[in-house]
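Below is one structure, written out as structure tokens, with a few remarks after it.
2 protein chains.
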Amino acid sequence: MSKKSVCIVGSGNWGSAIAKILGKNVKERSDKFEICVKMWMYEEMVDGRKLTEIVNTEHENIKYLPGVKIPENVVAIPDLIKASEDADILIFVLPHQFVAKTCQQMKGKIKSSAVAVSLIKGVSIDDSGMKMISNVIKEVLGIECCALMGANLAGEVAQEQFCETTIGCAVNGTGELLKSLFETPYFRCSVVTDQATVELCGALKNIVGIGAGIADGLGHGDNTKAAVIRLGLMEMIKFSEIFIPGSQRSTFFESCGISDLVATCHGGRNRMLGEHIVKSDKTVKQLEKELLKGQSFQGPLAAREIFKMLKDKNLIERFPLFVSVHYICLRESQPEEFINCLRNHPEHI
Amino acid sequence: MSKKSVCIVGSGNWGSAIAKILGKNVKERSDKFEICVKMWMYEEMVDGRKLTEIVNTEHENIKYLPGVKIPENVVAIPDLIKASEDADILIFVLPHQFVAKTCQQMKGKIKSSAVAVSLIKGVSIDDSGMKMISNVIKEVLGIECCALMGANLAGEVAQEQFCETTIGCAVNGTGELLKSLFETPYFRCSVVTDQATVELCGALKNIVGIGAGIADGLGHGDNTKAAVIRLGLMEMIKFSEIFIPGSQRSTFFESCGISDLVATCHGGRNRMLGEHIVKSDKTVKQLEKELLKGQSFQGPLAAREIFKMLKDKNLIERFPLFVSVHYICLRESQPEEFINCLRNHPEHI
Chain A
0 MSKKSVCIVG
10 SGNWGSAIAK
20 ILGKNVKERS
30 DKFEICVKMW
40 MYEEMVDGRK
50 LTEIVNTEHE
60 NIKYLPGVKI
70 PENVVAIPDL
80 IKASEDADIL
90 IFVLPHQFVA
100 KTCQQMKGKI
110 KSSAVAVSLI
120 KGVSIDDSGM
130 KMISNVIKEV
140 LGIECCALMG
150 ANLAGEVAQE
160 QFCETTIGCA
170 VNGTGELLKS
180 LFETPYFRCS
190 VVTDQATVEL
200 CGALKNIVGI
210 GAGIADGLGH
220 GDNTKAAVIR
230 LGLMEMIKFS
240 EIFIPGSQRS
250 TFFESCGISD
260 LVATCHGGRN
270 RMLGEHIVKS
280 DKTVKQLEKE
290 LLKGQSFQGP
300 LAAREIFKML
310 KDKNLIERFP
320 LFVSVHYICL
330 RESQPEEFIN
340 CLRNHPEHI
Chain B
0 MSKKSVCIVG
10 SGNWGSAIAK
20 ILGKNVKERS
30 DKFEICVKMW
40 MYEEMVDGRK
50 LTEIVNTEHE
60 NIKYLPGVKI
70 PENVVAIPDL
80 IKASEDADIL
90 IFVLPHQFVA
100 KTCQQMKGKI
110 KSSAVAVSLI
120 KGVSIDDSGM
130 KMISNVIKEV
140 LGIECCALMG
150 ANLAGEVAQE
160 QFCETTIGCA
170 VNGTGELLKS
180 LFETPYFRCS
190 VVTDQATVEL
200 CGALKNIVGI
210 GAGIADGLGH
220 GDNTKAAVIR
230 LGLMEMIKFS
240 EIFIPGSQRS
250 TFFESCGISD
260 LVATCHGGRN
270 RMLGEHIVKS
280 DKTVKQLEKE
290 LLKGQSFQGP
300 LAAREIFKML
310 KDKNLIERFP
320 LFVSVHYICL
330 RESQPEEFIN
340 CLRNHPEHI
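These protein sequence lines map, in sequence, to chains A and B.
Going by numbering that gives the first Met the number 0, the letters in the first sequence line up with residues 0 to 348, in that order.
Going by numbering that gives the first Met the number 0, the letters in the second sequence line up with residues 0 to 348, in that order.
Pasting the structure below:
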């Protein structure tokens with residue numbers, strides 16, 4: 000088998016943390032992988048210098064992951080096509096709203112035998128509705144695309160704190176290849192074939208995270224938070240069973256399921272949004288401007304799309320947590336109502 | 000059907016929070032239950048007055064649950080036999096080490112038709128090994144005994160913060176009776192027949208809680224904590240499958256399972272123990288003296304018994320988290336080793 004060359008499409012904090020892992024791994028597994036890892040980096044000026052040049056000389060992404068050394072065999076490249084055209088493995092780790100546009104630029108210019116893996120949580124939402132990020136990549140580029148997600152806050156991974164992740168890979172063989180590319184003693188990978196559930200978890204957990212933040216904002220303690228997490232998990236499972244043929248309950252026991260949900264409900268940005276919704280009367284848009292400098296929270300977008308899907312199937316009553324979060328994000332329902340919606344949850348019957 | 004009379008055996012903070020619920024519920028459901036709820040209270044002097052008298056005049060347990068009103072139809076009784084002899088439903092909510100002795104005193108003096116429910120988490124451990132608390136009660140008193148447990152910190156329940164609990168009841172019918180006795184809009188009860196797993200969760204989660212505390216003490220963040228919770232849950236499930244015939248995975252999705260585990264790993268006293276084990280070189284006994292005024296932590300006791308059971312069956316290697324917590328509690332292994340034990344967890348293979 001010829002050696003696989005790797006390109007990281009994206010270079011934010013998660014992309015840079017992954018670059019640290021991959022740079023080391025390809026050297027140790029040079030029988031399988033080309034030594035040079037290319038990282039496509041959207042060019043920016045930082046203190047009067049190009050960010051790619053800083054990364055390639057100082058081996059540190061001083062803007063998005065300061066203080067963490069990136070191995071020297073990772074090369075930042077500002078030209079998307081130059082970075083990706085020879086790659087056998089394309090690792091997508093961009094903000095979700097840039098995925099489609101980036102793939103359009105790459106279309107027809109990459110290897111047709113390449114495989115992709117999406118590290119992007121959340122779903123793509125456009126006029127036609129909700130779509131898994133991996134499907135966006137697959138459809139535009141015409142190549143196989145897996146997913147890798149779990150309780151993986153970038154800063155903690157970069158510090159080599161022990162964690163786990165889940166590789167969802169519907170196609171045989173690629174999962175094991177990706178495991179050998181990503182796994183380290185502090186970043187343990189499990190491979191499952193139930194890829195759609197892996198990705199859906201990454202979107203649905205954000206809705207639950209907002210709910211956990213609302214409970215926090217209302218001054219509730221560990222009991223209530225634990226109930227929100229459990230009821231949220233049960234809605235995630237029920238939703239997957241209805242909308243993903245073949246979705247497996249065991250996938251929720253992987254890092255992409257329960258671990259990521261628990262971490263999101265304690266430390267994530269959607270949890271923070273929930274808390275702010277209780278403590279101010281600002282809209283989600285206003286809070287995005289204030290808290291995320293204009294980036295968007297994934298939770299409210301996912302809640303809106305999920306709500307549409309539930310309404311279409313007449314399933315609103317079965318998902319009181321998801322639905323309540325949606326109405327509260329729209330400011331059509333008071334945050335105080337959130338807890339009331341849980342009191343007669345279908346899970347209690 | 001004649002009205003059932005209720006006795007609460009125990010009156011600490013959890014017992015008093017439950018007294019608040021039951022006092023109100025029996026009045027609202029007086030077709031089913033006698034209006035007077037008796038609460039056995041070990042007599043103590045507080046500021047020169049008897050605690051039972053304080054509870055019966057001021058309707059507040061000023062020592063164990065100050066600031067919370069207990070309904071006036073709950074009567075504190077210092078004599079165990081007088082409190083329990085007429086009861087149809089006996090609610091055990093004592094520190095686990097007093098259960099056997101208390102039951103011995105009650106033996107032959109209660110209604111033979113009475114049913115019991117244990118609200119006591121953890122297991123009973125004596126020279127003959129580990130035993131479920133409900134089995135201790137059953138064996139001594141010769142009556143049916145169910146279990147009620149979940150993510151239920153007493154103080155938060157007393158403040159009427161929304162939470163859930165699980166009633167484990169192997170016998171048909173009693174579960175629904177108990178649900179109608181305990182359930183309120185802020186305390187939602189689910190009934191399952193898999194009682195042994197419900198109780199075992201209450202013991203095993205404390206071992207995982209120590210692990211979570213160790214991770215905290217070592218300075219790890221949300222990723223690692225989420226991984227500890229997940230791997231701990233997988234060991235809990237595996238252990239139950241091996242040692243409890245008929246144990247069901249669905250029980251772990253109830254409040255007694257995942258909710259209580261998550262709450263324990265974020266706010267429980269065994270988590271606190273784990274953190275102190277990292278930050279000092281004191282023994283568990285010394286930490287019990289300091290932190291619990293001589294009471295004992297459940298986690299290390301459970302870890303020791305679980306370790307024996309695993310060793311007997313040659314299963315040590317399958318449960319690295321449980322085993323590592325045990326050795327660290329004995330101070331035979333360094334806390335730093337805890338994370339290393341998770342790196343090659345059987346769940347990753």
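Think of the CB as a built atom: it goes at the ideal place given N, C-alpha and C, for glycine as much as any other residue.
Give me the Cα-Cα distance between residue i and residue j, rounded to the nearest whole angstrom.
i: A/Ser249; j: A/Leu272; result: 30 Å
i: B/Lys178; j: B/Val190; result: 7 Å
i: A/His265; j: B/Asp221; result: 8 Å
i: A/Gly245; j: B/Asn151; result: 35 Å
i: A/Lys312; j: B/Val207; result: 40 Å
i: A/Asp87; j: A/Lys110; result: 7 Å
i: A/Met40; j: A/Glu182; result: 23 Å
i: B/Pro94; j: B/Glu175; result: 26 Å
i: B/Ser295; j: B/Gln285; result: 10 Å
i: B/Gly47; j: A/Glu331; result: 55 Å
i: A/Ala225; j: A/Val139; result: 40 Å
i: A/Leu290; j: A/Cys328; result: 15 Å
i: B/Ser239; j: B/Phe252; result: 14 Å
i: B/Lys23; j: B/Leu232; result: 36 Å
i: B/Leu79; j: B/Met38; result: 9 Å
i: A/Met302; j: A/Ala146; result: The sequence given here has Ala at residue 302 of chain A, not Met. Computed Cα separation, rounded: 21 Å.
i: A/Asn60; j: B/Gly256; result: 42 Å
i: A/Val25; j: A/Phe186; result: 15 Å
Give a yes or no on whether the C-beta atoms belonging to residue i and residue j are separated by under 7 Å.
i: A/Ala16; j: A/Ala153; result: yes
i: A/Ile166; j: A/Cys188; result: yes
i: A/Met129; j: A/Val135; result: no
i: B/Arg317; j: B/Pro299; result: no
i: B/Leu217; j: B/Val261; result: no
i: A/Val45; j: A/Lys62; result: yes
i: B/Val8; j: B/Phe97; result: no
i: A/Ile142; j: A/Ala113; result: yes
i: A/Val197; j: A/Gly210; result: no
i: B/Asp280; j: B/Gly149; result: no
i: B/Ala82; j: B/Cys200; result: no
i: B/Asn12; j: B/Leu50; result: no
i: A/Ser323; j: A/Phe306; result: no
i: B/Asp85; j: B/Ser29; result: no
i: B/Pro77; j: B/Glu42; result: yes
Buried or exposed for residue i, please, with buried defined as at least 16 other CB atoms from any protein chain shown within 10 angstroms of its CB.
i: B/Arg229; result: buried
i: A/Glu349; result: Since the first and last residues shown for chain A are 0 and 348, residue 349 of chain A lies out of range.
i: A/Ile315; result: exposed
i: B/Thr164; result: buried
i: A/Gln160; result: buried
i: B/Pro319; result: buried
i: B/Thr56; result: exposed
i: B/Ser1; result: exposed
i: A/Gln194; result: buried
i: A/Lys234; result: Here the sequence assigns Glu to residue 234 of chain A, which means Lys is not the residue at that position. Looking at its Cβ environment, which holds 16 or more other Cβ atoms inside 10 Å, A/Glu234 is buried.
i: B/Val283; result: buried
i: B/Ile69; result: buried
i: B/Val156; result: buried
i: B/Ile350; result: The first residue shown for chain B is 0 and the last is 348, placing residue 350 of chain B beyond what the model contains.
i: A/Lys310; result: exposed
Tell me the DSSP secondary structure of residue i in three-state form.
i: A/Ala169; result: coil
i: B/Lys178; result: helix
i: A/Ala146; result: strand
i: A/Thr183; result: strand
i: A/Glu52; result: helix
i: A/Ser163; result: Residue identity differs from the one stated: residue 163 of chain A is Glu in this sequence, not Ser. Strand, per DSSP.
i: A/Lys137; result: helix
i: B/Glu59; result: strand
Practice problem: Pick out the complete beta strand (DSSP E) segments inside the stretch 61-135 of chain B, 3 residues or longer, and give them in chain order. | Solution: With a minimum length of 3 residues, the unbroken runs of beta strand (DSSP E) contained wholly in the stretch 61-135 of chain B fall at 73-76, 88-91, 114-117, 122-125, 128-131.
Quiz item: Can you give, in chain order, each stretch of the alpha helix (DSSP H) that sits fully within the stretch 278-340 of chain A and has at least 4 residues?
Solution: Taking only runs of at least 4 residues, the alpha helix (DSSP H) segments lying wholly in the stretch 278-340 of chain A are 283-291, 297-311, 319-328.
Quiz prompt | Complete alpha helix (DSSP H) runs within the stretch 7-40 of chain B (minimum length 4 residues, chain order) | solution = 12-27, all fully within the stretch 7-40 of chain B.
Practice problem: Run through the stretch 186-270 of chain A for me and flag every whole alpha helix (DSSP H) of 4 or more residues, listed as ranges in chain order. | Solution: Runs of the alpha helix (DSSP H) lying entirely within the stretch 186-270 of chain A, each at least 4 residues long, are 194-216, 221-242, 259-266 in chain order.
Quiz item: Going along the stretch 14-43 of chain B in order, which residues come within less than 7 Å of chain E, judged by CB to CB distance?
Solution: The structure shown contains no chain E; its protein chains are A and B.
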